[in-house]
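Novice: Could you have a look at this structure, given as structure tokens, before my questions?
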């Protein structure tokens, strides 16, 4: 029950993109085609789950017992960067087709602040191992959801008459704002 | 003669960050903190200053060690330099301004992955001498501070329904909610595009695609 709450809270109510502003860069950059958005979302979810596991282990088995929490940022970001590199090599070897379809998005995941944010939030809230992994999975699902909704809207937007000066980034931001308002409708779903 | 030329060079490097290549309004970099912490002027300003500190320090250091770092591991090295300064900034804020540190929450540590900083390290500092990198970082940082402060002020005025305590009106709750952040920034960028065209300057570089800039970074 506890895990279900964490999942729904991170995926929908406190959506990483639309209510916590994490991962805005890929959200604005990669959300112009539905297919691309889905690939990016899945790759990010994958890294998020792995990162949640590994950073939990590092934090609770190394940093906390040895009294080194001030090394959190440095060690987390190194873990994430190497994790992304590792995933990239792994996918390249095992599934070249998937590797080609993800292309440039894989290395970009390192600079996605949603992943570091996830690791830091999980450490801050003192989740146990299972909770951290659920949190990572939920954050990934929420990210994918937001990215796909946005991509669907932007595909339609190509045909819509938009004022000259609002083409591109401004209209995308305004739509994101409306989406964020819509997601607030879930706010009463879970208290706390 | 030569000296004045050099000086002008530095001035342009500085000014380009404020307007022509403003990281927030023109390049759409560093969006996460821009949207998340600008619920009030003071939050926006302190976030901007913290980021500028990290940006200036890391750009200078990266520029100093640029010839020592092998090409393959440069991104990782940049990130370690940045993360070190972020840890310093975070501990400083926690120690001296605990209230602000609490209000900014996880966004102080998240300066590590702010694309402005890694972007400047990769695009500028790793190719230029320390003095130039310092000025460039200072300019970009100032542009970031201005953008965050403007956004924070607008949202605070409408969100609290009071203009410096002089004029009072019904607060627009939406302005301090997540949705308001996106909409305010969208309208602001649209307005700036309009002004830029009005004043006869050439059309802005096509609003950036963070992807492109990040692709450069990587």
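Residue numbers (my numbering), protein chains in the order written: chain X, 1 to 192; chain W, 1001 to 1218. We put the CB at the ideal spot given by N, CA and C, even for glycine. Predicted model only: the values in this text are computed from it and were never measured.
Quick check: is the beta carbon of residue 1032/W nearer than 7 Å to any beta carbon in chain X?
Specialist: At least one chain X Cβ lies under 7 Å of residue 1032/W.
Novice: Using 8 Å for Cβ pairs, my map puts residue 120/X next to residue 1070/W. What's the rounded Cβ distance?
Specialist: Not quite, the Cβ-Cβ distance comes to about 30 Å (not below 8 Å), so this is no contact.
Novice: Assess contact between the segment 173-185 of chain X and the segment 1175-1188 of chain W, defined as three or more Cβ pairs (one per stretch) separated by less than 8 Å. Is contact present?
Specialist: Enough Cβ pairs lie closer than 8 Å, so yes.
Novice: Excluding sequence positions up to five away, which residues of its chain have a Cβ less than 7 Å from the Cβ of residue 1174/W?
Specialist: Correct list, in chain order: 1180.
Novice: So what does DSSP say about residue 1040/W, is it helix, strand or coil?
Specialist: If DSSP states are grouped into helix, strand and coil, residue 1040/W belongs with coil.
Novice: Taking the C-alpha atoms as reference points, what is the distance between residue 1131/W and residue 1065/W?
Specialist: Approximately 13 Å, taken between the alpha carbons.
Novice: Which full runs of the alpha helix (DSSP H) of 4+ residues lie inside the segment 127-165 of chain X, going along the chain?
Specialist: Within the segment 127-165 of chain X, the complete alpha helix (DSSP H) runs of at least 4 residues are 129-157.
Novice: Using a Cβ-Cβ distance under 7 Å, would residue 169/X count as near chain W?
Specialist: At least one chain W Cβ lies under 7 Å of residue 169/X.
Novice: Among 116/X, 174/X, 20/X, which one has its Cα closest to the Cα of residue 163/X?
Specialist: The option with the nearest alpha carbon to residue 163/X is 174/X.
Novice: Under the DSSP definition of a beta bridge, which residues are partnered with residue 1162/W?
Specialist: Beta-bridge pairing links residue 1162/W to 1168/W.
Novice: Cα separation between residue 1041/W and residue 1185/W?
Specialist: So the alpha carbons of these two residues sit roughly 15 Å apart.
Novice: Are residue 47/X and residue 1083/W closer than 7 Å when you measure CB to CB?
Specialist: No, the Cβ-Cβ distance between residue 47/X and residue 1083/W is not below 7 Å.
Novice: Using a Cβ distance threshold of 8 Å, determine whether the segment 1112-1131 of chain W contacts the segment 1045-1062 of chain W, with at least three qualifying pairs required.
Specialist: Contact holds: three or more Cβ-Cβ distances are below 8 Å.
Novice: Quick one: list the residues of chain W neighbouring residue 19/X, beta-carbon separation under 7 Å, in chain order.
Specialist: Going along chain W in sequence order, the residues near residue 19/X (Cβ under 7 Å) are 1178.
Novice: For the alpha helix (DSSP H) that residue 88/X lies in, which residues bound it at each end?
Specialist: Unbroken alpha helix (DSSP H) run through residue 88/X: 72-94.
Novice: Return the first residue and the last residue of the alpha helix (DSSP H) that residue 1094/W is part of.
Specialist: First-last of the alpha helix (DSSP H) with residue 1094/W: 1074-1096.
Novice: With 9 Å as the limit, tell me which residues of the segment 1086-1107 of chain W have their beta carbon closer than that to any beta carbon of chain X; keep them in chain order.
Specialist: Against chain X - using a Cβ distance shorter than 9 Å - the residues of the segment 1086-1107 of chain W are 1086, 1087, 1090, 1091, 1105, 1106, 1107.
Novice: Please say whether residue 1143/W and residue 1048/W have beta carbons closer to each other than 7 Å?
Specialist: No; because the gap between Cβ atoms is not below 7 Å, this pair is not in contact.
Novice: Could you tell me the boundaries of the alpha helix (DSSP H) in which residue 56/X lies?
Specialist: Note, residue 56/X: alpha helix (DSSP H), 34-58.
Novice: Is residue 1109/W close to chain X, meaning its C-beta is less than 7 Å from at least one C-beta of that chain?
Specialist: It does: the Cβ of residue 1109/W has a partner Cβ on chain X nearer than 7 Å.
Novice: Going along the chain, which residues of the segment 172-189 of chain X sit with their C-beta nearer than 9 Å to a C-beta in chain W?
Specialist: So the list reads 172, 173, 174, 175, 176, 177, 178, 179, 180, 181, 182, 183, 184, given in the order they occur along the chain.
Novice: CB-CB under 6 Å to residue 50/X, same chain, minus the five flanking residues each way: which ones, in chain order?
Specialist: 83, listed in sequence order.
Novice: Taking a Cβ distance cut-off of 8 Å, strictly less, list which residues of the segment 1113-1140 of chain W are near chain X, in chain order.
Specialist: Those residues of the segment 1113-1140 of chain W that come within reach of chain X (Cβ to Cβ, closer than 8 Å) are 1113, 1114, 1115, 1118.
Novice: Going by beta carbon distance, what residues of the same chain come within less than 8 Å of residue 92/X, once the five residues before and after it are set aside?
Specialist: Excluding sequence neighbours, residue 92/X sits near 99.
Novice: If you count every other CB in all the chains shown that lies within 10 Å of the CB of residue 11/X, and 16 or more means buried, which is it?
Specialist: Buried: at least 16 other Cβ atoms inside 10 Å.
Novice: Look up residue 1139/W in the DSSP assignment and say whether it is helix, strand or coil.
Specialist: The answer is helix: DSSP assigns residue 1139/W an H, G or I state.
Novice: Taking one C-beta from the segment 1081-1098 of chain W and one from the segment 1155-1172 of chain W each time, how about it: are there three or more such pairs within less than 8 Å?
Specialist: As far as the Cβ criterion goes, the segment 1081-1098 of chain W does not touch the segment 1155-1172 of chain W, which means the pair count is below three.
Novice: So, is the C-beta of residue 1078/W closer than 7 Å to a C-beta in chain X?
Specialist: Residue 1078/W does not count as touching chain X.
Novice: Helix or strand or just coil, what does DSSP make of residue 1220/W?
Specialist: Because chain W spans 1001 through 1218 in this model, residue 1220/W falls outside it and cannot be assessed.
Novice: For residue 81/X, which residues in chain W fall below 9 Å Cβ to Cβ?
Specialist: By Cβ distance, chain W contributes 1075, 1076, 1079.
Novice: Looking at chain X, is there any beta carbon in it that lies within less than 7 Å of the beta carbon of residue 1182/W?
Specialist: By this cut-off, residue 1182/W is an interface position.
Novice: In whole angstroms, give me the CA-to-CA distance for residue 6/X and residue 1133/W.
Specialist: Roughly 44 Å between the two C-alpha positions.
Novice: At a Cβ cut of 9 Å, what residues of the segment 1020-1044 of chain W count as close to chain X, listed as they run along the chain?
Specialist: Flagged, chain order: 1028, 1029, 1030, 1031, 1032, 1033, 1034, 1035, 1036, 1037.
Novice: Rank 63/X, 144/X, 178/X, 57/X by C-alpha distance to the C-alpha of residue 39/X and give the top, closest one.
Specialist: When only C-alpha atoms are compared, the closest one is 144/X.
Novice: Using a Cβ cut-off of 8 Å, pull out every chain W residue sitting near residue 44/X, in sequence order please.
Specialist: The premise fails here: residue 44/X is roughly 13 Å from chain W at the closest Cβ pair, so nothing lies under 8 Å.
Novice: Tell me the DSSP secondary structure of residue 1021/W in three-state form.
Specialist: DSSP places residue 1021/W in coil when its eight states are reduced to three.
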